[in-house]
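Quick note on numbering: the sequence shown equals residues 52 to 357 in the working numbering.
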Amino acid sequence: MSSTLSNSGDGDDWNGGLDAIADILAFHVEAGVDVALGEAPVDRFAESEAGRNAAGTQAVRVAPPVAVPDGSRAAPPRAAAPARPAPAAITAEPSPPPPDVAALEAREAAASAPDIDALRALLERFEGCPLKHTATRLVFADGNPAARLMLVGEAPGRDEDIEGKPFVGRSGKLLDRMLAAIGIDRTNAYIANVVPWRPPGNRTPTPQETAICLPFIRRQIELANPDLLVCLGGPSAQTLLGIRDGITKARGRWVEYDTGSRVIPALATFHPAYLLRTPLGKRMVWRDMLSIEAKLGEKSSGTSGE
Ligand code: URA
């Protein structure tokens, strides 16, 4: 893609040029480009084409004429057939297994983790999710894994991908304020995501990517063993709680979540990123926060019957 920008001294042209640049940048952001890797563009197609041509025109080594005793020159031996160009070095990452195989591997790997640290180490080594190869790093969790409250979002964004911790960007700051309103911070909450690698350009994870990551977050919840689970946003609620209603309808209702070892109360609420766009929703989230506070109180005073 190329664009030209002329400044004929006419103010409109100049503004038009700025608009064009803004459009191009917006296009790149939409397409998921968020990091500049170099000053100048590199045409990888031209590079590989040049490599092919160089291999095809490699000089064929011809043996020099051989002197024979009668002074004549023997014909040089026939030129050896041109050597086959060596196969190009494979520099690409190994391609991940098909999604169904990857999901099966994920289930087996997750089930084998005896504790949270082992689960994290397994995820660091897991090659089955293609998002691993586009993300900067694994975003496993933040907070206290021994906390009674666990919150799970959808997938990391740009800031989380850079820092390697969930909810550290703008929506994370809002989440911190929401929790602070009921006396909770990251020393007494544990925070993770359904998908622990950032999808390129913050796109929604595909159903296949989510299915591959699901066994890991389910095992993470089981190993952290919280008293309450809170799903932040519709995608997390749909994936973990099987909620089919939209989040506006589903939020604020306590349901049961089976960790694999026991059944705990779980609640869906609005994602803080949604609240940044729709501040009116904060009123409902405030109610959800109070409900979480009350439930934590209930559970610690033993009125839940457990
Ligand atoms: N949104 C999420 O769902 N998770 C994060 O970690 C950050 C933003």
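The C-beta atom is built at its ideal place from N, Cα and C for all residues, glycine as well.
Take the Cβ of residue i as the centre, count every other Cβ of all protein chains shown within 10 Å, and call the residue buried at 16 or more, exposed below.
i: V152; result: exposed
i: D309; result: exposed
i: D166; result: exposed
i: H184; result: exposed
i: G260; result: One point to set straight first is that residue 260 is Glu, not Gly, in the sequence displayed. Its Cβ being crowded by 16 or more others within 10 Å, E260 is buried.
i: R176; result: exposed
i: K300; result: exposed
i: E159; result: exposed
i: G311; result: exposed
i: T290; result: buried
i: D296; result: exposed
i: M52; result: Confidence is the limiting factor: at M52 the pLDDT is only 42, short of 50, which leaves the residue's position unreliable, though a coordinate-based value still follows. Result: exposed.
i: L326; result: buried
i: V314; result: exposed
State the beta-bridge partners of residue i as determined by DSSP.
i: L279; result: L200
i: I242; result: D193 and L202
Does DSSP classify residue i as helix, strand or coil?
i: P149; result: coil
i: S194; result: Reading the sequence as shown, one finds Gly at residue 194 and not Ser. Strand.
i: A186; result: coil
i: A317; result: strand
i: W305; result: strand
i: I294; result: coil
i: K346; result: helix
i: S351; result: helix
i: W385; result: Nothing can be reported for residue 385, as the shown portion of the chain is limited to 52 through 357.
i: F267; result: helix
i: K216; result: coil
i: R237; result: coil
i: G223; result: helix
i: T299; result: helix
i: R254; result: coil
i: E175; result: helix
i: S312; result: coil
i: G332; result: helix
Between the region 224-241 and the region 171-178, do at least 3 Cβ pairs fall closer than 8 angstroms? no
Count the CB pairs spanning the region 207-214 and the region 276-284 that are closer than 8 angstroms, and state whether there are at least three. no
On the three-pair Cβ rule with 8 angstroms, is the region 187-196 touching the region 226-245? Output reads yes: the region 226-245 touches the region 187-196.
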